[in-house]
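Structure first, then comments.
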Amino acid sequence: MSGEGGAQAAAAEPGVRILVAEVEGQLAATCQLGVIPTLTNGGRPFAIIEHVVTASAFRRQGLSQRVLAQALTLAWELDCYKVMLLSGEGREGAHRLYEKLGFKAGIEKGFVIKQAEARATP
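Listed below in structure tokens is the structure:
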């Protein structure tokens, strides 16, 4: 897993939490939780989960589930009214994990545009 500089910059942001799982002192899994204030829903924030990553040497040990569960607990403690995450369409194993934790597909429809695509769009 790489990106230490980016992780430090993200962790310095007030609404961002980085959750990690370590195995014998090694960084094994991460999850980034972004908490965003809103104008609606009684002013309660919502949260977005990104970068659920487990190092290849530590996969299939429940570490992603652990950091995701920590992120959800924290979001509820911060009174978020919902937590969202996006996942690649073909990542069926990840989708099963998200569903096991209570996430549901089909409630809302997500749309994504990446910077390179935005620059190419007239």
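The working numbering puts the first residue of the sequence shown at 10, with every later residue one more than the last.
All C-beta atoms in this analysis are idealised placements derived from N, C-alpha and C, irrespective of residue type, glycine included.
Note that the structure is predicted; figures quoted are calculated from it, not measured.
Arg128: member of the alpha helix (DSSP H) spanning 124 to 129, first to last residue.
Listed as beta-bridge partners of Arg26 by DSSP are Leu42.
Sequence-distant Cβ neighbours of Gln79 in its own chain, meaning closer than 8 Å and more than five residues away, are Leu28, Cys40. Judged by beta-carbon spacing, Gly24 lies beyond the 8 Å limit of Ile58, meaning their Cβ atoms are not closer than that value.
Excluding the 5 residues flanking it on each side, Glu117 has same chain C-beta neighbours closer than 8 Å at Met93, in chain order. Rounded to whole angstroms, Gln35 and Leu72 show a C-alpha spacing of 12 Å.
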